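In order, the protein sequence lines correspond to chains H and X.
Throughout, the working numbering is defined as the position within the first sequence, counted from one, plus 841.
Throughout, the working numbering is defined as the position within the second sequence, counted from one, plus 841.
Glycine is no exception: its CB is placed at the ideal position from the N, C-alpha and C atoms.
Keep in mind it's a predicted model, so treat the numbers as computed, not measured.
2 protein chains.
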Amino acid sequence: MSNRVTIVDVAAKAGVAISSVSSALNNRPGVSEDTRRRIVEAARELGFVPSLRGRSLSAKRAFTVGLVVHRDPYVLESDPFFGSFIGGIETVLDPRGYALILQMGSEPVETLDRYRSLAANRRVDGVFISDLGVDDPRIALVQELGLPAVGVNADPGFPLAAVRQSHVEGIRELVEHLVGLGHTRFAHVTGPHEFIHAGQRQRAWSDALEAAGLPVGDIVEGDFTYEGGVAAADRLLAGRAPDERPTAVMCSNDLSAIGFLGRAGELGIRVPDDLSVAGFDGIELGSYVRPMLTTVATTPRLLGVEAARLLLETINGTAVVDIDIEPARLVVRSSTGPAPQPR
Amino acid sequence: MSNRVTIVDVAAKAGVAISSVSSALNNRPGVSEDTRRRIVEAARELGFVPSLRGRSLSAKRAFTVGLVVHRDPYVLESDPFFGSFIGGIETVLDPRGYALILQMGSEPVETLDRYRSLAANRRVDGVFISDLGVDDPRIALVQELGLPAVGVNADPGFPLAAVRQSHVEGIRELVEHLVGLGHTRFAHVTGPHEFIHAGQRQRAWSDALEAAGLPVGDIVEGDFTYEGGVAAADRLLAGRAPDERPTAVMCSNDLSAIGFLGRAGELGIRVPDDLSVAGFDGIELGSYVRPMLTTVATTPRLLGVEAARLLLETINGTAVVDIDIEPARLVVRSSTGPAPQPR
DNA sequence: TAATTTCACCGAAACGTTTCGGTAACAAAC
DNA sequence: GTTTGTTACCGAAACGTTTCGGTGAAATTA
């Protein structure tokens, strides 16, 4: 455990004051090109790495940002979002010397406490707020705490900086795709109504159908899980005559769509011959199940990249505007097809 | 942005020296019960929270530990392990004032760099090493860096502290279960050979079969993905006569077992009537697919709990021994059944 | 040559803790 | 009544940076 080399060592070796070392290494003016070179060389030879702790205390910064996910582990497990989202965040954070602290709160109350304690001891300089809920209490909390934050896929009118990926284009494309295939009886399986993105997707679906002059059809509440898709299939399909069933169903995420597909198969309903099913997300699994799942593909990694960029700017106090990334797009695979011919 | 209340404010308010405040608040001796109360009261009234940065600099600690995940995002997405593992880690870290920094490196080289930079600026006090590879370079690296570390599911002889969950009991149970059902032709779909746990599972499988006096059968290499399960099913089942096929297959994780199941169905092979399939992990999805997947269930959350406890002890220099948690156990569901009768 | 500006460089303070040696005050022992 | 011991408390240093005011010397101007 050889003792760490500090700025004092570098100063000694280069024969200058430590303030000069600091200036030189941070590219500040006031140090001649000649001594700057000498200092840089000394630092290199000694293998000097500025101590994060010293910088942190002096700069009143943690050089860390936080992400608190408030989902129960199972949903997290099977959700494509966070892996890629975090990966995207990393690519921005790392080059700028920032790191990500991840916390998990299964209970909403617990989540708030996590934010509170992150702020109390200034462990992070800012936080991401994902999985926004309706009237999400975290918004007021970060405002009260004066904690820089960016929201992910927030509704319009969100009072903090936000990064968004629009779902309306993709869902409209999906509806047009289905309408073009001759479907007229639709259904939608939502996510839990406490999440705003569940409502966002449902609204986009309904709007697109209305715009096409077609009836919106059944709306049943799901829960974003495989199991929820199975249950929704039971509600919408079991015990109904073929001409009373919807012929095209959108589930609000891929995992529940896959569950829906599975249950439909068990009920003897052929996809896509008797029924078209689509999801939302674009998880890899969807391209491996049979039939392959038609879906609206999002790009969580890109969302993470922009969210991180935005958060760092917010922390630096740079004037920032919300960021909209390219909309989610329809990906047609084999779980959707022509509407069955009535006979 | 009201200025933060520091230990100086507390000292002033209580009319004592700051060193006394520090002693009082950290329950060190040398301060009378009377003034201790006065100090605690003053701290409470002012809402004093000790600055992590100050403590960090003084104590030469980051109060943070690191986890570097070196998987590509997709595997991470669908892997049950990390969500629960991290959840377990959190429950130990949080009460002790520690936090978790999560980093992702898709390339192995990149991963090493992450560890290096975490250590260079002392961002963490210790790290987890999961997904151990054969001759994993991270072992030498943390030793060279003097970075406290604990390995997760390491092989015997691992030179650092380690926490392990044995898979041999569960896999032996699985083999006994299958043998009891009359199976005699087996096959195993491994994980990528560069991961030690792939080898561990395969060895447990082979050993149990040999112990039962039965032929080990085919071993094909998979990759822990759904897709890999599909491919393995093609290799093992497609174009083979029923009496040349294995009748019982273990895939080395659930996701690939589910892929295997799906492909078997497409090939017209009924599970469990014609073929028994089992997985390993115990992910929730396995209990939703039909047939429900028989598996050997691990407890990643518990593994996270113990790994975190062990890491903190290692950091504190407390004498530590490796921890073995309860073995993974067989969970029989409906994807395994009696061996088909030859006729 | 004297006054002024510019510039490289330095020393010290500040960030907020913990720790350690020291010092009064007072009690117990000889 | 001096010694010894104990206790409560204090001041200052240390952790490793950045920043800011200051100083001397060289360069510019008058």
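For this session: Over the uninterrupted beta strand (DSSP E) stretch that includes HIS1029/H, give me the two end residues.
Result: 1027 to 1031
Exercise. Just the Cα atoms here: how many angstroms apart are SER897/X and VAL872/H?
Worked result: 31 angstroms
Exercise. Which residues mark the beginning and the end of the beta strand (DSSP E) in which ARG1170/X is found?
Worked result: Counted as a single uninterrupted DSSP element, the beta strand (DSSP E) harbouring ARG1170/X occupies residues 1170 to 1172.
Exercise. Interface residues of chain X around MET945/H at Cβ under 7 angstroms?
Worked result: Within chain X, the residues placing a beta-carbon under 7 angstroms from that of MET945/H are ILE927, GLY928, GLU931, ordered along the chain.
Problem set entry | Residue closest to ALA1052/H, alpha-carbon to alpha-carbon, out of GLU1014/H, LEU988/H, PRO1113/H | Cα-wise, what sits closest to ALA1052/H is GLU1014/H.
For this session: Note down the Cα distance separating VAL1137/X from ASP1059/X, rounded to an integer number of angstroms.
Result: Cα to Cα, VAL1137/X sits roughly 20 angstroms from ASP1059/X.
Exercise. Can you tell which of LEU887/X, ARG879/X, LEU866/X, ASN868/X has its C-alpha closest to the C-alpha of ARG845/X?
Worked result: The alpha carbon of ARG845/X has as its nearest neighbour, out of LEU887/X, ARG879/X, LEU866/X, ASN868/X, the alpha carbon of LEU887/X.
For this session: Classify ARG1044/H as buried or exposed, calling it buried when 16 or more other Cβ atoms lie within 10 Å of its own Cβ.
Result: exposed
Exercise. Which residues in the same chain have their Cβ closer than 6 angstroms to the Cβ of SER843/X, if we skip the five residues on either side of it in sequence?
Worked result: Note that SER843/X scores 47 on pLDDT, short of 50, meaning its location in the model is unreliable and no value can be drawn from it.
Exercise. Are any of the Cβ atoms in chain H nearer than 8 angstroms to that of ASN962/X?
Worked result: yes
For this session: Output, in sequence order along the chain, the residues in the stretch 1118 to 1134 of chain X whose CB is closer than 7 angstroms to any CB in chain H.
Result: ILE1124, GLU1125, LEU1126, TYR1129, VAL1130, ARG1131
Problem set entry | Inter-residue Cα distance where the pair is PRO997/H and ARG1005/H | 10 angstroms
Exercise. Looking at the C-beta of MET842/H, does it have a partner C-beta in chain X at a distance below 8 angstroms?
Worked result: The pLDDT assigned to MET842/H is 40, lower than 50, so where the model puts this residue is not dependable; a value taken from the coordinates is nonetheless given after this. Yes, because at least one Cβ of chain X sits closer than 8 angstroms to the Cβ of MET842/H.
Exercise. Is PRO936/X near HIS911/X, with beta carbons less than 8 angstroms apart?
Worked result: The beta carbons of PRO936/X and HIS911/X sit no closer together than 8 angstroms.
For this session: Pull up the CB-CB distance for VAL1173/X and THR1135/X, whole angstroms please, since I reckon it's below 8 angstroms.
Result: 5 angstroms
For this session: Measure the beta-carbon distance from VAL968/X to VAL906/X and round it to whole angstroms, keeping in mind my assumption that it falls under 8 angstroms.
Result: 6 angstroms
For this session: Please compile the residues from chain H whose C-beta is within a distance smaller than 7 angstroms of the C-beta of LEU953/X.
Result: Chain H residues near LEU953/X: none, gap ~14 angstroms exceeds 7 angstroms.
Problem set entry | Presumed contact (8 angstroms Cβ cut-off) between GLY1120/X and ALA1098/X, rounded CB distance | 3 angstroms
Exercise. Since HIS1034/H and GLU1062/H are thought to touch, with beta carbons under 8 angstroms apart, how far apart are those beta carbons, to the nearest angstrom?
Worked result: 6 angstroms
Exercise. Which residues mark the beginning and the end of the alpha helix (DSSP H) in which THR1155/H is found?
Worked result: 1141 to 1157
Problem set entry | Segment contact flag, the stretch 942 to 960 of chain X with the stretch 922 to 935 of chain H, C-beta cutoff 8 angstroms, min 3 pairs | yes
For this session: Write down every uninterrupted run of the alpha helix (DSSP H) in the stretch 1077 to 1131 of chain X whose length is 4 residues or greater and which is fully enclosed by it, in chain order.
Result: 1095 to 1107
Problem set entry | Amino acids of chain X, ordered along the chain, whose beta-carbon sits closer than 9 angstroms to that of GLY1158/H | Simply none; closest approach about 11 angstroms.
Problem set entry | Of the residues LEU1102/H, GLY1145/H, ASP976/H, ALA852/H, the one placed nearest ARG879/H, counting alpha carbons only | ALA852/H
Exercise. To which residues of the same chain is ASP1095/H closer than 8 angstroms at the C-beta, ignoring the five residues directly before and after it?
Worked result: Here the set comprises PRO921, GLY1120, PHE1121, ASP1122, GLY1123, ILE1124, LEU1126, GLY1127, LEU1134, THR1136.
Exercise. So the alpha helix (DSSP H) GLU951/X belongs to, where does it begin and stop?
Worked result: 949 to 961
For this session: Evaluate ASP1114/X with the Cβ neighbour count: other Cβ atoms within 10 Å of its Cβ, from every protein chain shown; 16 or more gives buried, anything less gives exposed.
Result: exposed
Problem set entry | Separation of GLY1109/H from PHE923/H, as counted between CA atoms | Near 35 angstroms, if we compare the C-alpha coordinates of GLY1109/H and PHE923/H.
Exercise. Ends of the beta strand (DSSP E) at GLN1043/H?
Worked result: No beta strand (DSSP E) holds GLN1043/H; the alpha helix (DSSP H) holding it covers 1037 to 1052.
Exercise. Among ARG869/X, ASN867/X, ARG877/X, GLU1017/X, which residue has its Cα nearest to the Cα of ALA855/X?
Worked result: Ranking ARG869/X, ASN867/X, ARG877/X, GLU1017/X by Cα distance to ALA855/X puts ARG877/X first.
Problem set entry | Cα-Cα separation between PRO1132/H and ALA900/X, rounded to whole angstroms | Approximately 58 angstroms between the Cα atoms of the pair.
For this session: Could you please give the first and the last residue of the uninterrupted beta strand (DSSP E) stretch that includes THR1136/X?
Result: THR1136/X: member of the beta strand (DSSP E) spanning 1135 to 1138, first to last residue.
Exercise. What is the DSSP secondary structure of MET842/X, counted as helix, strand or coil?
Worked result: Unreliable placement is indicated for MET842/X, whose pLDDT of 40 sits below 50; the coordinate value is still reported in the next sentence. DSSP places MET842/X outside both helix and strand once states are collapsed to three, so it counts as coil.
For this session: Identify each residue in the stretch 880 to 895 of chain X for which the Cβ-Cβ distance to at least one residue of chain H is less than 8 angstroms, and report them in chain order.
Result: Per Cβ criterion, the list reads VAL890, PRO891, SER892, LEU893, ARG894, GLY895.
Exercise. Would DSSP call THR905/H helix, strand or coil?
Worked result: strand
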